[in-house]
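Asks:
In the numbering used here, the protein residues as written are 195 to 340.
(1) Let's see if you can read the secondary structure: which residues bound the beta strand (DSSP E) around residue 299?
(2) Check whether the stretch 304–311 touches the stretch 278–294, counting contact only when three or more Cβ pairs, one atom from each stretch, lie closer than 8 Å.
(3) Does the Cβ-Cβ distance between residue 239 and residue 226 come in under 7 Å?
(4) Please go through the same chain and pick out, in chain order, the residues whose beta-carbon is closer than 6 Å to the beta-carbon of residue 299, but skip the five residues on each side of it.
(5) Residue 273 by DSSP, collapsed to three states: which one?
(6) Quick one: grab the DSSP three-state call for residue 296.
(7) Which partner residues of residue 266 appear in the DSSP bridge assignment?
Structure representation (structure tokens):
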């Protein structure tokens, strides 16, 4: 099932379903999958990369990333290192990196360092951009002065 997609990507053939997927979107990185048709309630801790194609009513918290598939729906907040949304999120998102893909719907507030949006996504809420923790721009100025 996943092998066909991986072989297509490795062969260099263009992938037409998504534009330039991030490392997290790779099927090799996904370790947990909540499939289409699953409906669950409760708060989840996601210790590794997770893909959600079902419906979750509850909060997602974790150290790694989460991919919300095109038919996936989250009704709760997300706190993780990275989130890629193809489906629907109704709740707040607090991540380092967020991608809102074409056709996605995000209703809630975002707190993020890096935000990537594609034309055709929907976002209703407030966005707070966190500062980058390591400021690489100030280091060269200090070195030149020495």
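Just so you know, even glycine gets a beta-carbon here, dropped at the ideal spot from N, CA and C.
Here the structure is a predicted model, which is why all the values come from computation and not from measurement.
Replies: In terms of the structure at hand:
(1) Start at 1 with the first residue of the chain shown, and residue 299 comes out as number 105. First-last of the beta strand (DSSP E) with residue 299: 299–301.
(2) A contact exists between the stretch 304–311 and the stretch 278–294.
(3) To locate residue 239, count along the chain shown from 1; it is residue 45. To locate residue 226, count along the chain shown from 1; it is residue 32. For residue 239 and residue 226, no; Cβs fall outside 7 Å.
(4) Numbered from its first residue, the chain shown carries residue 299 at position 105. Cβ within range, chain order: 282, 316.
(5) Along the chain shown, read from residue 1 onward, the residue named residue 273 stands at position 79. Residue 273: strand per DSSP, three-state reduction.
(6) Within the chain shown, residue 296 is the residue found at index 102, counting from 1. Here DSSP, grouped into helix, strand and coil, assigns residue 296 to coil.
(7) Residue numbering aside, residue 266 sits at position 72 when the chain shown is read from its first letter. Paired residue(s): none; residue 266 is not in a bridge.
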